[in-house]
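One gets my numbering by counting positions in the sequence shown from 1 and adding 33 to each.
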Amino acid sequence: MRITGGQARGRALASFKGLNIRPTPDQVREALFNILGQNLGGKSVLDLFAGTGAMGLEALSRGARRVVFVDSAFKAISIIKKNIETCGLRERTLVLRKDLRKGLPSLDLMGGIPFDLVFIDPPYRSGILPIVMAKLVEKEILAPNAIVVAETHRKEQFDKTFGNLNLIDVRAYGDTKIHFYCAET
Numbered sequence: 034m035r036i037t038g039g040q041a042r043g044r045a046l047a048s049f050k051g052l053n054i055r056p057t058p059d060q061v062r063e064a065l066f067n068i069l070g071q072n073l074g075g076k077s078v079l080d081l082f083a084g085t086g087a088m089g090l091e092a093l094s095r096g097a098r099r100v101v102f103v104d105s106a107f108k109a110i111s112i113i114k115k116n117i118e119t120c121g122l123r124e125r126t127l128v129l130r131k132d133l134r135k136g137l138p139s140l141d142l143m144g145g146i147p148f149d150l151v152f153i154d155p156p157y158r159s160g161i162l163p164i165v166m167a168k169l170v171e172k173e174i175l176a177p178n179a180i181v182v183a184e185t186h187r188k189e190q191f192d193k194t195f196g197n198l199n200l201i202d203v204r205a206y207g208d209t210k211i212h213f214y215c216a217e218t
């Protein structure tokens, strides 16, 4: 698993062995960032269920101003920190350990700046995605016109709206489905 674009392109990322974690494949990440655009200059990014941190690190490599990584697993937090160091991007990151089934961290805890881009990659078929989407809207942590990218199993179906989040696109890659939502102002 490697960073596919930007200043850290080609850097190998540490991954997991034995845990029930499924990192987004390089090809899917590359396709996703082709859709989002190659330059994320100045964007504030939130990576929920961050796993290895690959999505957030890809965003940083492509110019994001900062990324907040959130995961509940101690081993995931350790891998994320290792991958941040590998990419040399520590000064633009915040790593939080939080069980997202119990809610989102407060915006103040996450730096106080609303997010322009959010990645959500929960365990497939866990039922947690609609809850997290509702919390994103409820906590008012999204910037105007923020994009929320939710990764699911291809057979999972979700609402076209969550509060002010409206589905704008869906792409499928093998067993993975990527849902793109936009926050209306």
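Don't be surprised by glycine CBs; every beta carbon is placed ideally from N, CA and C.
Remember, predicted model here, so these are calculated numbers, not experimental data.
Requested in this report: Would you grab the beta carbon distance between residue 138 and residue 103 for me? Rounded to a whole angstrom, and I think it's under 8 Å.
Outcome: 6 Å
Query - Reduced DSSP secondary structure (H/G/I, E/B, other) of residue 119 - result: Residue state, collapsed to three classes: helix.
Report task. Check whether the segment 42–51 touches the segment 62–80, taking contact to mean three or more Cβ pairs, one atom from each stretch, closer than 8 Å. Result -> no
Query - Which residues DSSP lists as bridging residue 202, in chain order - result: Bridge partners of residue 202: 213.
Query raised in the report: How big is the Cα-Cα spacing for residue 124 and residue 79?
Result: 15 Å
Query - Sequence-distant residues of its chain with Cβ nearer than 8 Å to residue 167 (five each side left out) - result: Apart from the 5 residues on each side of it in sequence, residue 167 sits with its Cβ closer than 8 Å to the Cβ of 195 and 196 in its chain, given in chain order.
**Report entry** Contact set for residue 86: own chain, Cβ-Cβ below 6 Å, skip 5 residues either direction
**Finding:** Excluding residues within five positions, the ones whose Cβ falls inside 6 Å are 102, 113 and 116.
Query - Residues of its chain near residue 96, where Cβ-Cβ distance is below 6 Å and the 5 sequence neighbours each way are ignored - result: Cβ within range, chain order: 72, 73 and 74.
Report task. Output the boundary residues of the beta strand (DSSP E) element that contains residue 66. Result -> Note, residue 66: premise wrong, no beta strand (DSSP E); alpha helix (DSSP H) at 59–69.
Requested in this report: Report yes if the CB atom of residue 128 is closer than 8 Å to the CB atom of residue 110, and no otherwise.
Outcome: yes
Query - Nearest residue (CA-CA) to residue 140, options 200, 88, 174 and 90 - result: 174
**Report entry** Closest by C-alpha distance to residue 100, when choosing among 118, 210 and 122
**Finding:** 122
**Report entry** Whole-angstrom C-beta distance between residue 182 and residue 169, which should lie under 8 Å
**Finding:** At roughly 12 Å, the Cβ-Cβ gap does not stay under 8 Å, so residue 169 and residue 182 are not in contact.
Report task. Have a look at 177, 106, 88 and 186 and flag the residue whose alpha-carbon is nearest the alpha-carbon of residue 204. Result -> 186
Query raised in the report: Among 209, 94, 172 and 199, which has the Cα closest to the Cα of residue 145?
Result: 172
Query - Start-to-end residues for the alpha helix (DSSP H) that takes in residue 91 - result: 87–94
Query - Length at least 3, wholly inside the segment 118–189: the beta strand (DSSP E) runs in chain order - result: Within the segment 118–189, the complete beta strand (DSSP E) segments of 3 residues or longer fall at 126–130, 148–153 and 175–186, listed in chain order.
Query raised in the report: Applying the criterion that 16 or more other CB atoms from any shown protein chain within 10 Å of the CB defines a buried residue, is residue 210 buried or exposed?
Result: buried
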